[in-house]
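Read through the structure below, which is laid out as structure tokens, and then see the notes.
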Amino acid sequence: NHGILNGITWGILLPIGAMLARYLKIYKPENQAWYYAHISCQLFAYSIGTIGFFTGFQLRDPATAVNSGHRIVAYILFLLSSFQ
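The UniProt record's numbering puts the first residue of the sequence shown at 1, with every later residue one more than the last.
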């Protein structure tokens with residue numbers, strides 16, 4: 001579940017949100033529909049990513065190393081995406 005949720009978030013939804021802003025803005029910049037589509041996609045992706053983050057947090061194995069690279073990258077990405 002954790003991998004699927006974050007794979008969809010980081011691999012599909014966030015790039016689509018970025019492309020919406022990049023390519024739809026060119027055609028009709030005065031129309032704010034591109035902005036609302038971009039924000040909606042990004043907020044939906046952030047919500048799914050947050051669920052994926054906490055799912056991974058719940059699934060962690062106490063027997064594994066505390067400072068695993070995967071966990072450190074996850075914390076950094078979640079922190080940075082929260083600030084954006």
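All C-beta atoms, glycine included, are put in the ideal place defined by N, C-alpha and C.
Assigned secondary structure, residue i (DSSP; H/G/I helix, E/B strand, else coil)
{"i": "lysine 28", "result": "coil"}
Bounding residues of the alpha helix (DSSP H) (the contiguous stretch that carries residue i)
{"i": "tryptophan 34", "result": "33 to 59"}
{"i": "serine 68", "result": "Unbroken run through serine 68: none, as it is neither H nor E."}
{"i": "leucine 5", "result": "2 to 8"}
Selection from the options that minimises the alpha carbon distance to residue i
{"i": "tyrosine 46", "options": "Thr9, Glu30, Asn1, Arg71", "result": "Thr9"}
{"i": "isoleucine 39", "options": "Tyr27, Leu14, Ile4", "result": "Leu14"}
{"i": "glycine 11", "options": "Gly69, Gln42, Arg71, Tyr36", "result": "Gln42"}
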